[in-house]
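For the sequence shown, numbering that gives the first Met the number 0 gives the first residue as 0, with consecutive numbering after it. Every residue, glycine too, gets a C-beta built ideally from N, C-alpha and C. Heads up: the structure comes next, in structure tokens.
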Amino acid sequence: MFLQGRPLTTQATPHGILSLEFAASMPAVEAVIETWKESGDTDNELIEVAVDNTRLDFLFLTSYTLFFLAAALQLSLLVKQKALLQLVAVAALLAGLLDVVRRPA
Numbered sequence: 000m001f002l003q004g005r006p007l008t009t010q011a012t013p014h015g016i017l018s019l020e021f022a023a024s025m026p027a028v029e030a031v032i033e034t035w036k037e038s039g040d041t042d043n044e045l046i047e048v049a050v051d052n053t054r055l056d057f058l059f060l061t062s063y064t065l066f067f068l069a070a071a072l073q074l075s076l077l078v079k080q081k082a083l084l085q086l087v088a089v090a091a092l093l094a095g096l097l098d099v100v101r102r103p104a
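Here it is in structure tokens:
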């Protein structure tokens, strides 16, 4: 995702996609988007890069959530601390959901 999102790093958005993801307010989000609209070589080129980067991020967060959920549930079948690993499974699911909820746009 770093290489794919590299074009999103500009003077106004030095942290690339993170400038959008960690924008503190809706006006800040709009400013980042406007910067990318103005900075692209073609119409909405950087917006398309940001959309693709966000899709990759959702694929990644879905993958890690399912991996940790499955690992915890599978381990809970093999050890005596079932309750602890079931709690870890719930925590993995919650982490994935919260990663989605924190997105500003």
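Query	Result
If you reduce the DSSP assignment to three classes, tell me which class Asn52 lands in.	helix
Here's the rule I'm using: 16 or more other beta-carbon atoms within 10 Å means buried, otherwise exposed. How should Val78 be labelled?	exposed
CA-CA distance, Pro26 and Ser18?	13 angstroms
Does the Cβ-Cβ distance between Leu72 and Ala88 come in under 8 angstroms?	yes
Below 7 angstroms CB to CB, which residues in the same chain sit around Pro6 once its five sequence neighbours on both sides are set aside?	Leu45 and Val48
Straight-line CA distance for Asp56 to Ile32?	18 angstroms
Helix or strand or just coil, what does DSSP make of Lys36?	helix
Look at the alpha carbon of Thr9 and the alpha carbon of Val99, and state the distance between them as a whole number of angstroms.	25 angstroms
Who are the Cβ neighbours of Gly39 in its own chain at under 6 angstroms, not counting the five residues just before and after it?	Leu45
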